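Written below as structure tokens is the structure these notes are about.
2 protein chains.
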Amino acid sequence: MYIIGIDIGGMSVKGGIVNENGDILFKLSVGTKATSDYKIIVSDIVELINKLLSISNKDVGDIEGIGFGIPGTIDSKRGVIVYSNNINFVDVPIVEAMHEYYPNVKVAINNDANAAALGETKFGLAKDVKNLIFVTLGTGVGTGIIIDGKLFEGNGSAGAEGGHTVICVDGERCSCGRRGCFEAYASATALVRQTKAAIDKNPKTRMISLANQKGKISGRTAFLAAAEGDKAAREVVDKYIQYVGEGIVNLANIFRPELILIGGGISNEGDALILPLQEFMDKKCYGMINGNPRVLVQKASLTNDAGILGAASLIL
Amino acid sequence: MYIIGIDIGGMSVKGGIVNENGDILFKLSVGTKATSDYKIIVSDIVELINKLLSISNKDVGDIEGIGFGIPGTIDSKRGVIVYSNNINFVDVPIVEAMHEYYPNVKVAINNDANAAALGETKFGLAKDVKNLIFVTLGTGVGTGIIIDGKLFEGNGSAGAEGGHTVICVDGERCSCGRRGCFEAYASATALVRQTKAAIDKNPKTRMISLANQKGKISGRTAFLAAAEGDKAAREVVDKYIQYVGEGIVNLANIFRPELILIGGGISNEGDALILPLQEFMDKKCYGMINGNPRVLVQKASLTNDAGILGAASLIL
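The structure is reproduced here in structure tokens:
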């Protein structure tokens, strides 16, 4: 059985041909013409799919289906991209558009964080996990929620927006129009802002030379300087971990999953991020005194291929 | 068909005999011996049930089941009260204890907010609603969550603790050990604290004479004074409504229910609370620009009998 997984991002569209074990046989990518008409993007995707079929010596009839992971608000039932922040997608009937090219192939779409969560349960670390929250710490904060083995999307696929829950009333402005969202404190974007503010206040911090070496302040700057013993950087990292911690404990108190997986760029900090998050969870999660099941926090397992495998898992 | 619904509270145990339409035929109550051994409380409950059967001329064989709504952490599957804040209940096997008295009767237990949520879908305003969040604004803040017509309790019945999600990082201390929980800002207890703080700062506010008339500051004080045009009270009420609003928009962004019902003592403020909450929801809920379904906010419908009817609904 073969599936094609397509991971649409603001910068590039990545595609892979995947078997039932989650092995990626071949993968390709193409730049996203983010400001173009959606039909142009669709035609680029079709070309990508045809190339994947060709290099793997497969015919469209060999394919079980094509899954799409897409950032933004996705109506998975109607097969429509309702809205995507970074790409010119507004009410795009992408499933219908794909069926014009591949009339007899199953096509499934979902939000990229939802797809990544499902991917972890099909091909990754969460294979035996029934209740999972997947949190991506990237440009924004996305959350994918698995309840009893199934993707939970909310009424009209419009829920599961854990990044847009306020953790600091009247706090930092968020792209969604509110103030103080989890995303506005726990995204890579937010960490860069927090790092900048600390640099402005601490003219001798190691973060400055590290940022100069790399030519910019990134989500890594504070973590690297903290690892070298820089006090201002340690404060940034500790506070950032608290923000992430508050958000994931909130989700744990609502869903009480067995596992929370952390993905996205910041998750590459590994133990320096994950271990203190687990400690925070153990200390703060509601009613832990009463022998309630512990909520584990781990790094997402599919890393670079999470997008393709998540998209592919939508077909299973 | 007849059901007995038992609503256990810190002050009293209320019981009612209910038919399939949610009519309460008879109801009785007894003081809760909150600090006594659970077996004494159970024996008081059995006496209450026997009285209900007797005054309604029913036999235990006429009863479909007995449902219990209980504040605290309830393991509904095992039939155990894991922990209750206000009553001396720790790991109480209450279903087993009831079966000693009524061996052949179905007994179901759940958290009181969960039971109230279910009650609204069986007997109240939410009869045709598939996805509901019930929020009680009382001594604490409880949340009951209905997904696709079914009660959602989280893994091990340990979830659905929406009152214990932080909305103000490093904010007011909460009974759960964290700082800044929704409960610490949106409960009646919190509103009283906010009202006291405003009185301390405004020696001429109408809230003082209103509190003196009643002999205490209550959750009503600020609402009453605001309705009379008192500026300091209006500020308290507006800020309180924002706190409630932030919490319910957070839940809406995660679950995107059709309806959010507000219960508990503060819900008796009616339109003065509900209308601005609806306005807040319409303005702040994620992605409303894209024709996503609107989330309605209404006052809970079962009011005084919500506890008994919620408990009874657990049997259906």
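Chains as they are written, first to last, in the numbering used here: chain A, 212 to 527; chain B, 212 to 527. Idealized CB from N, CA, C, for every residue including glycine. Every value quoted in this text rests on a predicted model; they were computed, and no experiment measured them.
Short check: CB of residue i to CB of residue j, under 8 angstroms?
i                 : j                 : result
Gly227 of chain B : Thr243 of chain B : no
Leu513 of chain B : Leu520 of chain B : yes
Glu383 of chain B : Tyr497 of chain A : no
Cys392 of chain B : Thr406 of chain B : no
Leu462 of chain A : Thr354 of chain A : yes
Ala327 of chain A : Ala517 of chain A : yes
Lys495 of chain B : Gly388 of chain A : yes
Ile477 of chain A : Ala408 of chain A : no
Leu470 of chain B : Leu343 of chain B : yes
Gly367 of chain A : Arg467 of chain B : yes
Glu307 of chain B : Val352 of chain B : no
Gly241 of chain B : Tyr312 of chain B : At residue 241 of chain B the sequence reads Val, which differs from the Gly that was named. Against a cut-off of 8 angstroms, the Cβ pair of Tyr312 of chain B and Val241 of chain B comes out as no contact.
Leu264 of chain B : Val253 of chain B : no
Ile452 of chain B : Leu488 of chain B : yes
What does DSSP give as the partner residue(s) for residue i in the beta ladder?
i                 : result
Gly226 of chain B : B:Ile217 and B:Leu239
Cys496 of chain B : According to DSSP, which records beta bridges pairwise, Cys496 of chain B is partnered with nothing at all.
Asn322 of chain A : A:Ile281
Cys392 of chain A : A:Val377
Lys317 of chain B : B:Gly276
Arg445 of chain B : Looking at the DSSP assignment, Arg445 of chain B forms no beta bridge with any residue, so it has no partner.
Thr354 of chain B : B:Val346
Gln509 of chain B : B:Leu472
Lys450 of chain A : Note: Lys450 of chain A sits in no beta bridge, so no partner.
Leu362 of chain B : B:Ile357
Arg384 of chain B : B:Arg390
Got a sec: does the ligand NAP put a non-hydrogen atom nearer than 7 angstroms to the Cβ of residue i?
i                 : result
Lys333 of chain B : The ligand NAP is not among the ligands present in this structure, which contains no ligands whatsoever.
Name the two residues that bound the continuous alpha helix (DSSP H) containing residue i.
i                 : result
Asp286 of chain B : Element bounds for Asp286 of chain B: not the alpha helix (DSSP H) but the beta strand (DSSP E), Thr284 to Asp286.
Thr432 of chain A : Thr432 to Ala438
Thr186 of chain B : The structure shown does not extend to residue 186 of chain B, since chain B spans only 212 to 527, so no value can be given for it.
Leu470 of chain A : Premise fails: Leu470 of chain A lies in the beta strand (DSSP E), Leu470 to Gly474, not in any alpha helix (DSSP H).
Lys250 of chain A : Tyr249 to Ile266
Ile519 of chain A : Ala517 to Ser524
Met418 of chain B : Arg417 to Lys425
To the nearest angstrom, how far is the alpha carbon of residue i from that of residue j?
i                 : j                 : result
Tyr213 of chain A : Asp248 of chain A : 30 angstroms
Asp218 of chain A : Asn325 of chain B : 39 angstroms
Leu402 of chain A : Lys269 of chain A : 44 angstroms
Val316 of chain B : Asp323 of chain A : 48 angstroms
Gly360 of chain B : Thr332 of chain B : 8 angstroms
Asp381 of chain B : Cys385 of chain A : 19 angstroms
Asn261 of chain B : Tyr454 of chain B : 44 angstroms
Asn479 of chain A : Glu439 of chain B : 57 angstroms
Ile378 of chain B : Gln509 of chain A : 24 angstroms
Leu486 of chain B : Ala437 of chain B : 15 angstroms
Ile235 of chain B : Leu525 of chain B : 15 angstroms
Arg417 of chain B : Leu484 of chain B : 20 angstroms
Val291 of chain B : Leu362 of chain A : 29 angstroms
Ile419 of chain B : Met492 of chain B : 32 angstroms
Pro314 of chain B : Asn297 of chain B : 29 angstroms
Gly365 of chain B : Gly474 of chain A : 22 angstroms
Tyr294 of chain A : Leu472 of chain A : 26 angstroms
Met309 of chain A : Lys442 of chain B : 59 angstroms
Ile281 of chain A : Val303 of chain A : 12 angstroms
Lys427 of chain B : Gly481 of chain A : 53 angstroms
Val460 of chain B : Thr432 of chain B : 26 angstroms
Gly276 of chain A : Lys341 of chain A : 24 angstroms
Asp339 of chain A : Ser429 of chain A : 35 angstroms
Asn464 of chain A : Gly374 of chain B : 9 angstroms
Asp255 of chain B : Ile358 of chain B : 35 angstroms
Select from the options the residue whose C-alpha is nearest the C-alpha of residue i.
i                 : options                                   : result
Ile251 of chain A : A:Asp234, A:Ile305, A:Asp286 and A:Val271 : A:Ile305
Lys238 of chain A : A:Thr246, A:Val229 and A:Leu336           : A:Val229
Asn299 of chain B : B:Met222, B:Asp441 and B:Leu348           : B:Met222
Val224 of chain A : A:Glu231, A:Ile215 and A:Leu362           : A:Ile215
Lys288 of chain A : A:Leu263, A:Gly272 and A:Ala319           : A:Ala319
Tyr396 of chain A : A:Lys450, A:Thr246 and A:Leu343           : A:Lys450
Val346 of chain B : B:Gly426, B:Gly233, B:Gly456 and B:Phe434 : B:Gly456
Asp286 of chain B : A:Pro504, A:Glu275 and A:Lys338           : A:Pro504
Ala511 of chain A : A:Ala337, A:Val301 and A:Asp255           : A:Ala337
Phe334 of chain B : B:Asp273, B:Ser267, B:Glu231 and B:Ala433 : B:Glu231
Ala245 of chain B : B:Val301, B:Lys415 and B:Asn321           : B:Val301
Assuming residue i is part of the beta strand (DSSP E), what are its boundary residues?
i                 : result
Tyr294 of chain B : Val291 to Tyr294
Leu348 of chain B : Leu343 to Leu348
Asp302 of chain B : Val301 to Val303
If the cut-off is 9 angstroms on Cβ atoms, which residues from the stretch 466 to 484 of chain A count as contacting chain D, listed in chain order? Of the protein chains in this structure, namely A and B, none is chain D.
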